[in-house]
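Residue numbers (our numbering), protein chains in the order written: chain A, 66 to 297; chain B, 107 to 322.
Backbone N, C-alpha and C define an ideal beta-carbon position, used for all residues, glycine too.
Inspection log for the structure reproduced underneath, given as structure tokens.
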Amino acid sequence: MCPSLTMPSHAVPLAMPIIPGLVALAALALDGAMPKSQPAPPMAAPLSPAPDAASALSLMAAIAERRDRDAFARLYLYFAPRLKAYLMRRGADDGLAEEMTQEAMLTVWYRAGSFDPAKAGVSTWIYTIARNKRIDRLRRERFPEIERDDPALVPEPPIAADSALALVQDDARLRVALAALPPEQAELLHLAFFQDKSHSTIADECGLPLGTVKSRIRLALQRLRNDLKDFA
Amino acid sequence: MPSFHPSQTLLMDYAAGSLGEASAVLIATHVSLCPECRAEAARIEAVGGALIETIEPVPLAHDGMAAVLRKLDERPDAPAPIPSFDAETQRLVPAPLRRHLGGNLEDIRWRSLGAVRQIDLAVTQAGGHARLLRLKGGAKVPRHSHDGLEMIIVLAGGFSDQSGHYLRGDVAVAGSDITHAPVADAGEDCICFAVVDGSIKLSGPLGRLVNLFVRT
């Protein structure tokens, strides 16, 4: 069965306050480009209070530079319930997802010093930690990470670096662009990230021709790239 | 810069953590050698990061955070020691694949199989296998097909078949409907990493999964 997926309507406003520098911009874009969001359901609020005034970036800096436990706790309250949801969707039961979430957040604490805001946004970096943890624990495999100081690595040409990273750095803008995707494209992105399935399997289960799955994913990524170019 | 790249859907499966380990290692090897695909993979990971923020949160165990906070002062497990490799191996084999090599390229005990020398690598792959291949310069591989989808990435030298001329970093993909007779370029040995993955399917009648990037 192809699970039907919809974007939770309260998710964007909950997530917004995390990067105050971009809130105004994102809110403007939200007014113009998106249907008005519903207020958060009462249950979600105590679960995941977004770190209010401080941004995720400054929380990360406080953790890396001062080993700030309060900053870590705030990051935890925001990200842990989301990582756990992700891990449960990708096949872990509640207990194992909780355990993996705790381990992933500990990794965030230990490796905070290696977080590089020029390379990835905070949520992207934390996502990759949770993804790798899942592969490690559920599949007993290891995600083949790229090593930046690998002698074999072919470095970026200096000119392309800015444009290539534009999308990476701006999580808030990316969320807005994601919310504006046509539903059939957004659904496939959700399936690709939140189901433990390759695109071939997704095509089988949705009864879609494989070519259609591929072209929708390609269109979605192309559109996100263009949306972010327009912003810049 | 490589000319033959994995498709966006393969990069997506890689960034989403949905590929088998051997296929993921092959894509990561290409991504190490191709700044464009590295940027694309980073963009797709950023989509993953944004989706994490839009997901419906689930309740945590009530004592979960307290347990984590108590562990903050513990020392994390030391990372596994990284085996050292000679300069040639480090130059030719990107780190994601090097970790599975078990030794330097020149110490590999190749098995001869006609024109091809090969060695199986201990990388997990459900329903498939991962091999390192080595062809002498100018060697001709007899016409053959594959059980399932075969992905090959060139690490050194180059080879040609009817679908193209593949050099370092290039990814060639052939389905079971393809028969080909690759010929190694004259000169240095052609060294490739090859993965057969039964879980990936092809879509088009051409049976090609790679596409030449159309740049905007």
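Asked                                                                                                                                                                                                    : Found
Identify the continuous beta strand (DSSP E) that holds Glu-127 (chain B) and give its terminal residues.                                                                                                : Glu-127 (chain B) -> not in any beta strand (DSSP E); alpha helix (DSSP H) instead, spanning 127-139.
How would you label Glu-146 (chain B), buried or exposed, when you count the other beta carbons within 10 angstroms and need 16 or more for buried?                                                      : buried
In terms of DSSP beta bridges, what is Met-224 (chain B) paired with?                                                                                                                                    : According to the sequence provided, residue 224 (chain B) is Gln. The question's Met does not apply to it. BP columns for Gln-224 (chain B) point to B:Arg-217, B:Leu-239.
Using only the alpha-carbon positions, how far apart do Leu-59 (chain B) and Glu-256 (chain B) sit?                                                                                                      : Because chain B here runs from 107 to 322, residue 59 (chain B) falls outside it and cannot be looked at.
Contact defined as beta carbons within less than 8 Å: I believe Thr-193 (chain A) pairs with Glu-151 (chain B). What is the distance between those atoms, to the nearest angstrom?                       : 6 Å
Please go through the same chain and pick out, in chain order, the residues whose beta-carbon is closer than 8 Å to the beta-carbon of Glu-194 (chain B), but skip the five residues on each side of it. : Asn-210, Leu-211, Glu-212
What residue range is occupied by the uninterrupted alpha helix (DSSP H) comprising Ile-258 (chain B)?                                                                                                   : No alpha helix (DSSP H) contains Ile-258 (chain B), which is instead part of the beta strand (DSSP E) from 255-262.
According to DSSP, simplified to helix, strand and coil, what is Lys-177 (chain B)?                                                                                                                      : coil
With DSSP run on the structure shown, which of helix, strand or coil describes Phe-191 (chain B)?                                                                                                        : coil
Should Leu-219 (chain B) be labelled buried (16 or more other beta-carbon atoms within 10 Å of its own) or exposed?                                                                                      : exposed
Hey, Val-263 (chain B) and Gly-293 (chain B) are a contact pair by Cβ (cut 8 Å); roughly how many whole angstroms apart?                                                                                 : In the sequence under discussion, the amino acid at residue 263 (chain B) is Gly, which differs from the Val named in the question. So it is a contact: roughly 7 Å between Cβ atoms.
Which two residues bound the contiguous beta strand (DSSP E) that contains Phe-265 (chain B)?                                                                                                            : 265-267
How far does the beta strand (DSSP E) with Asp-283 (chain B) in it extend, from its first residue to its last?                                                                                           : Neither: Asp-283 (chain B) is in no beta strand (DSSP E) and is coded neither H nor E.
Measuring alpha carbon to alpha carbon, tell me which residue in B:Ala-134, B:Ala-122, B:Asp-119 is nearest Val-277 (chain B).                                                                           : B:Ala-134
Around the C-beta of His-136 (chain B), are 16 or more other C-beta atoms found within 10 angstroms, so that it is buried, or is it exposed?                                                             : buried
Out of B:Leu-175, B:Ser-124, B:Leu-116, point me to the one whose CA is closest to Leu-203 (chain A)'s CA.                                                                                               : B:Ser-124
Of all the CB atoms in chain B, is at least one closer than 8 Å to the CB of Gly-383 (chain A)?                                                                                                          : Shown here, chain A extends from 66 to 297; a query on residue 383 (chain A) therefore has no answer.
Does any residue of chain B bring its CB to less than 8 Å from the CB of Ala-136 (chain A)?                                                                                                              : no
Comparing the C-beta of Glu-130 (chain A) with each C-beta of chain B, is any distance below 8 Å?                                                                                                        : no
Taking the alpha carbon of Glu-162 (chain B) as the reference point, which residue from A:Arg-139, A:Lys-149, A:Ile-267 has its own alpha carbon closest?                                                : A:Lys-149
What residue from A:Arg-132, A:Ile-200, A:Trp-174, A:Asp-135 has the CA that sits closest to Leu-161 (chain A)'s CA?                                                                                     : A:Ile-200
Spell out whether any CB of chain A is found under 8 Å from the CB atom of Gly-310 (chain B).                                                                                                            : At Gly-310 (chain B) the pLDDT is 45, less than 50, meaning the model places this residue with poor confidence; the figure from the coordinates comes in the next sentence. Yes, its Cβ sits closer than 8 Å to a Cβ of chain A.
Since Arg-155 (chain A) and Thr-160 (chain B) are thought to touch, with beta carbons under 8 Å apart, how far apart are those beta carbons, to the nearest angstrom?                                    : About 16 Å separates the two Cβ atoms, so there is no contact after all.
With a threshold of 6 Å on Cβ separation, who are the neighbours of Ile-128 (chain A) within its own chain once the five nearest residues in sequence on each side are excluded?                         : Ala-136, Phe-137, Ala-177
Along chain A, which residues have their Cβ under 8 Å away from the Cβ of Ile-150 (chain B)?                                                                                                             : Leu-286
Given a threshold of 16 other Cβ atoms within 10 Å of its Cβ, counted over all protein chains shown, does Arg-238 (chain A) qualify as buried or as exposed?                                             : buried
Using beta carbons (cut-off 8 Å, strictly below), is Ser-263 (chain A) in contact with chain B?                                                                                                          : yes
Name the residue from B:Glu-127, B:Val-222, B:Leu-132, B:Ala-130 whose alpha carbon lies nearest to the alpha carbon of Arg-249 (chain B).                                                               : B:Val-222
What does the alpha-carbon distance come out to for the pair Met-125 (chain A) and Phe-180 (chain A)?                                                                                                    : 8 Å
Could you compute how far the alpha carbon of Ala-287 (chain B) sits from the alpha carbon of Ser-129 (chain B)?                                                                                         : 23 Å
When the Cα atoms are used, what is the spatial distance from Tyr-143 (chain A) to Glu-130 (chain A)?                                                                                                    : 20 Å
Would a C-beta distance cut-off of 8 Å place Ile-259 (chain B) and Cys-296 (chain B) closer than the cut-off?                                                                                            : no
According to DSSP, simplified to helix, strand and coil, what is Ile-297 (chain B)?                                                                                                                      : strand
Could you list which residues in chain A have their beta carbon closer than 7 Å to that of Ala-134 (chain B), in chain order?                                                                            : Pro-209, Ile-211
Indicate whether Gly-155 (chain B) and Asp-236 (chain A) have their beta-carbon atoms separated by less than 8 Å.                                                                                        : yes
Within this structure, are the beta carbons of Phe-258 (chain A) and Ala-148 (chain B) separated by less than 8 Å?                                                                                       : no
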